[in-house]
Every structure is written in structure tokens, then in C-alpha cells.
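Numbering (the numbering used here), first residue to last: 14 to 115. Positions of the beta carbon are idealized from the N, C-alpha and C atoms, including for glycine. In this text the structure is predicted, and so the values were computed from the model without any measurement. Reviewing the structure listed below.
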């Protein structure tokens, strides 16, 4: 049986961090993006193939998708400040809008 592959954008975020282990347990080949080099080892420890990626770099995103050629793509991108302080939420909202507008 050939394992299906899934590319999870935002693999270390609030949803992606919970989703990836479920997919691995269900025997998917999981490729997970993170923007932080420091999170690579935790993804790898979960059985996820990590890739450090700037999602605003459309060439890098295209290259990654062509390289891995996943069967499924799941987008769980957010950019929320830790603790959700009100003074940081406006900028976070603008960054999140940019994520979905690119």
C-alpha cells in the first residue's frame, strides 16, 4: 500500500501542532512547514518531515510543493501574538490578512 502524503502549512501552530500527530498516527506521510528553525526537531520527533518556509515567499512555496508533490495540502496558517494582547492584535490581523491574500 502506498502512503498518501499531506503538506501541512502551519504545522507548528495552534491547529497544525495537534493535527500533524493525528495524521502521522493515521499513517500519512506528513510534510510540515514552520517558519522557525528551532521547531524543526519537534516536528521530526513527531514523525513529520519538516521544512522551514516563509509563506510570503511565493517562489519558495511553489518550489516546496513541486519538490514534495503531496496528495493533499492543508493550510493552517495564522500569525497570532502570544497571549493575544489587544495592542498586538491589530498588527496580527493585518499579517493574517496578508497570509490569506497572497
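Item: Nearest-angstrom Cα separation, counted from residue 54 out to residue 35; Value: 18 Å
Item: Cross-strand partners of residue 42 (DSSP beta bridge); Value: 18
Item: Residue 46 beta carbon less than 8 Å from that of residue 24; Value: yes
Item: Residue 50 versus residue 19 - alpha carbon distance; Value: 20 Å
Item: Candidates 27, 17, 22 and 80: closest to residue 48 by CA position; Value: 22
Item: Residue nearest to residue 60 in terms of C-alpha spacing, selected from 75, 43 and 85; Value: 43
Item: Enclosing beta strand (DSSP E) for residue 62 [first to last residue]; Value: 62-65
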